[in-house]
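To convert, note that position 85 of the sequence shown is 463 in our numbering; the numbers rise steadily by one, no gaps.
Since the structure comes first, as structure tokens, the remarks are kept for the end.
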Amino acid sequence: MIINKAYKFRIYSNQAQAILINKTIGCSRFVFNHFLSLWDHAYKDTGKGLTYGTCSAKLPAMKKEFVWLKEVDSIAIQSSVRNLADAYTRFFKKQNSAPRFKSKKNNVQSYTTKQTNENIAVVGNKIKLPKLGLVRFAKSREVE
């Protein structure tokens, strides 16, 4: 049986890594808000929203239109689309309220990435992250 685990650690990034982290958070927020707007317009026009598949199929064209989206982790952008699809699924099941636009002014900013093909690895007190390279972190417990 496979058990998935999530860990939260404090990271200590250098200036270049901090800039890239902020860009990644901003791009994830932009993609989420862009597809939320498209989803709302589609729902008002047709009575049906979009799906994760249709949104993720539009990502390559969106990256051509907005070249700066290529600078950040692609999995983080895909995760924001997945989060939006999950939010709408929960909304239509009446578990949550409707998804809202993400604000830059919210003091909690984050992005999600996944481990695929060993792209995330722990090396001593550093963690290797996509596009960021090795980032120091507070290793308060062992990672299995």
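Just so it is clear, CB atoms sit at the ideal spot from N, CA and C, and this is done for glycine as well.
CA-CA distance, residue i and residue j?
i	j	result
T429	I455	16 angstroms
K472	G502	45 angstroms
Y385	A396	20 angstroms
R519	I399	23 angstroms
E443	L437	10 angstroms
K482	Q493	27 angstroms
V500	Y489	19 angstroms
Could you check how far apart the C-beta atoms of residue i and residue j are, in whole angstroms? I think they sit under 8 angstroms.
i	j	result
A427	A435	For the sequence presented, residue 427 should be read as Gly rather than Ala. In fact, because the Cβ distance is near 15 angstroms, the residues do not count as touching under 8 angstroms.
V450	C433	With 8 angstroms as the limit, V450 and C433 do not qualify as a contact, their Cβ atoms being about 17 angstroms apart.
F410	N461	7 angstroms
A516	F387	6 angstroms
Going by other Cβ atoms of all chains shown within 10 Å of its Cβ, with 16 needed for buried, is residue i buried or exposed?
i	result
Y390	exposed
W417	buried
T491	buried
P477	buried
A394	exposed
K480	buried
Quick one: what's got a C-beta closer than 7 angstroms to residue i's C-beta in the same chain, skipping five residues either side?
i	result
L447	C405, M440, K441, I455
Does the structure place the stretch 502-511 close enough to the stretch 457-477 that three or more beta carbon pairs sit under 8 angstroms? no
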